[in-house]
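Participant: From first to last, the protein sequence lines stand for chains A and B.
Take the first sequence: its letters are residues 1209 to 1336, numbered as in our numbering.
Take the second sequence: its letters are residues -12 to 298, numbered as in our numbering.
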Amino acid sequence: MLFHIDPNNGLAIYEQIARQVKFAVAGGSLRSGHMVPSVRELAKELAINPNTIARAYRQLQDDGVLEAVRGTGLEVAPGALERCRQERLDLIRARLRQVLTEARQSQLDPDEIRALVEAELSLMHQEA
Amino acid sequence: MQPVIRLDDVTKRYGSHRAVDNLTLKVPSGVVYALLGENGAGKTTTIRTLLGLVAPDEGRATVLGLDSTRQGHLVRSRVGYVAERPTLYDWMTVSEIGWFTSGFYPSGFYDRYLKLAAQYELPLKRKIKHLSKGMRAKVALSLALAHEPEVLILDEPTSGLDTLVRREFLEGMVDIAAAGRTVLLSSHQIGEVERVADRIAILHAGWLVIDEKLDTLKDEIRELNVTLAAGARPPHTLGGEILSERRHQHQWQLLVRGLDDEALAALRAAPWLQELGVRTPSLEEIFVAYLKRADEGHRPAPTAEEEAVLP
Chain A
1209 MLFHIDPNNG LAIYEQIARQ VKFAVAGGSL RSGHMVPSVR ELAKELAINP NTIARAYRQL
1269 QDDGVLEAVR GTGLEVAPGA LERCRQERLD LIRARLRQVL TEARQSQLDP DEIRALVEAE
1329 LSLMHQEA
Chain B
-12 MQPVIRLDDV TKRYGSHRAV DNLTLKVPSG VVYALLGENG AGKTTTIRTL LGLVAPDEGR
48 ATVLGLDSTR QGHLVRSRVG YVAERPTLYD WMTVSEIGWF TSGFYPSGFY DRYLKLAAQY
108 ELPLKRKIKH LSKGMRAKVA LSLALAHEPE VLILDEPTSG LDTLVRREFL EGMVDIAAAG
168 RTVLLSSHQI GEVERVADRI AILHAGWLVI DEKLDTLKDE IRELNVTLAA GARPPHTLGG
228 EILSERRHQH QWQLLVRGLD DEALAALRAA PWLQELGVRT PSLEEIFVAY LKRADEGHRP
288 APTAEEEAVL P
């Protein structure tokens, strides 16, 4: 899988890596049983401190997304797909909430917000 | 664990100017440790003191348990060092300089040097004087790494190099760190430091402003963007340490350290607050806040001796 790391994006680098792995699993590009690169390989590839990579991998293990395979490394755990899809949904929900809060603070009423969302959705539908 | 590099109360004066001012630092084993600071903050003097190239007026520097001043040659033989502007014998070729340098180190140096040179795609038969700046830097790095040092010290390793070469340098550095070795670097490239460092120290006018784990800084510091309620006055305290703040009418922007979730929740409910945005600042923003603070009020009072020489 390919990562995109931006040190300035306001999210800790280990969190960016963990999230991107989860999104790759949720999106199906990384499947159960697939190996992830070793800490050293990924550190070198991204030019990121190896401890940061290790921290991301630890978190992914704690979250049940990755599991250690004896002697070889880390692979995507069985059942990771469900967990990652759920997490992706949670993240999108949180982002949506942020936008909605902003909309409310801009004095838009619920009907106006709904109309806005509908308009955007149908626009996307046409483009697709 | 014993620190691999340490400075204890080191002071270095050039005339009346204190290039390094009572500096105490400890670099633990196996970390990437970055020295940050403006030009003239004392980074290069600190590094040269560690290598025994500069003798401190006070205090003591040690590397791998060796005294930098009295055992400088031993320190230099165990450490890999890349200077900001590496001085290399211009008339030698890439392979000759490796062969020449191998004479100062145990066997195996030259083979490893050739391997590194091949990895960096250096033209072995070209004279150093005909190399680009990036290639010269890679020669210096290959020379510094060929004896497999336990400690790598880099002074502004990527300054003036193009993006691709900088990236290769960083990858090389990360790989060394991944092998469990210690890296000390000074840099102006804060974005790069943010990628590779475990721990950072900020120097200002020769003294230490902070010395902390990068993770801790990023975890504990938040930028708050506050909109004050109409007619409200902001409070004097927020429950965290305010590192910097700017106010423009109702807008109030702050960098705050140590604000926990509880304090943040209390803040959101405060009557003087209309809107609150919270984000994690970049290392650059943290760096600027600490430096400004250092510049404003947190500087130690000048000593009598220094005052005496001022007009």
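Where is the CB? At the ideal position from N, CA and C, for every residue including glycine.
Just so you know, these numbers come straight off a predicted model, no measurement behind them.
In whole angstroms, what separates the C-alpha of Tyr1265/A from that of Gly1287/A?
Facilitator: For Tyr1265/A and Gly1287/A, the distance between alpha carbons rounds to 17 Å.
Participant: Report the three-state DSSP secondary structure of Glu1326/A (helix, strand or coil).
Facilitator: Helix.
Participant: Should Asn1207/A be labelled buried (16 or more other beta-carbon atoms within 10 Å of its own) or exposed?
Facilitator: Given a span of 1209 to 1336 for chain A in the structure shown, any question on residue 1207/A remains unanswerable.
Participant: Name the chain A residues whose beta carbon is nearer than 9 Å to that of Arg154/B?
Facilitator: Those are Ala1255, listed as they occur along chain A.
Participant: In chain order, what residues of the same chain have a beta carbon less than 7 Å from the beta carbon of Ile1261/A, not counting five sequence neighbours either side?
Facilitator: Contacts found: Ile1225, Val1247, Leu1250, Ala1251.
Participant: Could you tell me the boundaries of the beta strand (DSSP E) in which Lys(-1)/B lies?
Facilitator: Per DSSP, Lys(-1)/B belongs to the beta strand (DSSP E) from -8 to 1.
Participant: Taking only the alpha-carbon atoms, compute the straight-line gap between Glu143/B and Lys125/B and give it to the nearest angstrom.
Facilitator: Roughly 13 Å separates the two Cα atoms.
Participant: Is the beta carbon of Ile208/B less than 8 Å from the beta carbon of Ile197/B?
Facilitator: For Ile208/B and Ile197/B, no; Cβs fall outside 8 Å.
Participant: Which chain A residues sit within Cβ distance under 8 Å of Gly178/B?
Facilitator: Correct list: Pro1215, Asn1216.
Participant: Listing by chain order, which chain A residues have their CB less than 8 Å from the CB of Glu262/B?
Facilitator: Simply Gln1313.
Participant: So the alpha helix (DSSP H) Asp98/B belongs to, where does it begin and stop?
Facilitator: That run of the alpha helix (DSSP H) goes 96 to 106.
Participant: In the DSSP assignment, what residue or residues form a beta bridge with Asp1271/A?
Facilitator: None, per the DSSP bridge assignment.
Participant: Three-state secondary structure (DSSP) at Trp86/B?
Facilitator: Trp86/B falls in the helix class under three-state DSSP.
Participant: Would you mind stating whether Leu171/B and Tyr20/B have Cβ atoms separated by less than 8 Å?
Facilitator: Yes, they are a contact pair.
Participant: For Arg1227/A, which residues in the same chain have their Cβ closer than 7 Å to its Cβ, ignoring the five residues on either side in sequence?
Facilitator: Taken in chain order, the list of residues that qualify is empty.
Participant: Which value, in whole angstroms, describes the spacing of the CA atoms of Val138/B and Val(-3)/B?
Facilitator: C-alpha separation (whole angstroms): 20 Å.
Participant: Residues in the stretch 1270 to 1303 of chain A with C-beta within 9 Å of chain B's C-beta atoms, listed in sequence order?
Facilitator: Listed by position, the residues of the stretch 1270 to 1303 of chain A near chain B (Cβ gap below 9 Å) amount to none.
Participant: Check whether the stretch 211 to 222 of chain B touches the stretch 53 to 62 of chain B, taking contact to mean three or more Cβ pairs, one atom from each stretch, closer than 8 Å.
Facilitator: Contact between the stretch 211 to 222 of chain B and the stretch 53 to 62 of chain B is absent, because fewer than three Cβ pairs lie under 8 Å.
Participant: Given this structure, state the Cα-to-Cα distance separating His1212/A from Ile1221/A, to the nearest angstrom.
Facilitator: If you take the alpha carbons of His1212/A and Ile1221/A, they lie about 10 Å apart.
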